[in-house]
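Peer 1:
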Amino acid sequence: MSSVSFDYSGKAVLVTGGSSGIGLAIAQGFRDAGGQVTITGTQTGIGDYPDDLSAFDYQQVNMLDVDGIEALAGSIETLDVLVNNAGTTFRGEEAYKPENFEATIDINLNSVYRLSHRLFPKLKASGGSIINIASMTSYFGSPRGPGYGASKSAILQMTMSLGALWALDGVRVNAIAPGWIDTKLTAPIQKMPQIADPIIQRTPMGRWGRPDEMAGTALFLACNEAASFLTGVTIPVDGGYCTL
């Protein structure tokens, strides 16, 4: 991440799906800036993950489980920043099954609204901020993952709607739309030249993004000094991919 610094000392931050990839990078960014960070994941404990998560408070939550989401929200005493990062996708023929479409919508969209709505009073009390994770597929069709594309397009719209709805309550709602990012999820694609080469060719900056570059954007969006007049906005962090 750049040398630009933000101070989140004493701030309570919740990052869903913060056990790996973009979510972990965002959680690390807030932790490095002094935040008290809670992350969620689907495994029983932090020992079940390859990365060292000992610096975070951890809660096991299945975002398909309404009771689990309610329990998570109920356990949060104060909150300054909510990062709705948890998500899923299905690949191949599995992506086209109606039940998997519904599951994708439930995790990527419905759980985001449910948790945001549930935690709104605590964010209002602190003058807090919500950061949703959209996608480059919020802006164009996703034939390989209709449920994923639909859910991420809806995140863009929901971010605008909640940004407008809660503006006078002092809760800003924004989103990040990552492009092609170098994570374990995309590692197999990067080894397939027939797919990876066109991605790089289309990306004006000519490379894959880094997870920590999403963290820098999140730190900016959550900062009430730097982004005080910014709400309802989705920022593509994609090296210019969506400009072409």
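Numbering (our numbering), first residue to last: 77 to 320. Ideal Cβ placement from N, Cα and C applies to all residues, glycine included.
State the Cα-Cα distance for the pair residue 217 and residue 312, rounded to the nearest angstrom.
Peer 2: Using only the alpha carbons, I get a separation of about 16 Å.
Peer 1: Would you report the Cα separation of residue 112 and residue 206, rounded to the nearest angstrom?
Peer 2: Those two C-alpha atoms are separated by around 16 Å.
Peer 1: Inspect the beta-carbon positions of residue 257 and residue 293 and report whether they are closer than 8 Å.
Peer 2: Cβ atoms of residue 257 and residue 293: not closer than 8 Å.
Peer 1: Under the rule that 16 or more other beta-carbon atoms within 10 Å means buried, what is residue 104, buried or exposed?
Peer 2: Under this definition residue 104 is a buried residue.
Peer 1: Helix, strand or coil for residue 114 per DSSP?
Peer 2: Three-state DSSP puts residue 114 in a strand.
Peer 1: Would you list the residues sitting across from residue 310 in a DSSP beta bridge?
Peer 2: Beta-bridge pairing links residue 310 to 251.
Peer 1: Short check: CB of residue 227 to CB of residue 185, under 8 Å?
Peer 2: Contact: yes.
Peer 1: Looking at the secondary structure, which residues open and close the beta strand (DSSP E) in which residue 205 lies?
Peer 2: Where residue 205 is concerned, the enclosing beta strand (DSSP E) stretches over 205-209.
Peer 1: How far does the beta strand (DSSP E) with residue 119 in it reach, from first residue to last?
Peer 2: Per DSSP, residue 119 belongs to no beta strand (DSSP E) and is neither H nor E.
Peer 1: Using only CA atoms, which one of 199, 276 and 135 lies nearest to residue 88?
Peer 2: Here the closest residue by C-alpha is 199.
Peer 1: Let me confirm a value: residue 151 is counted as buried when at least 16 other C-beta atoms fall within 10 Å, else exposed. Which label applies?
Peer 2: Flag for residue 151 reads exposed.
Peer 1: Out of 109, 148, 181 and 106, state which residue places its alpha-carbon closest to the alpha-carbon of residue 117.
Peer 2: Looking at the Cα atoms, 148 is the closest of the given residues.
Peer 1: Helix, strand or coil: which one does DSSP assign to residue 141?
Peer 2: In the structure shown, residue 141 sits in coil (DSSP, three-state: anything other than H, G, I, E or B).
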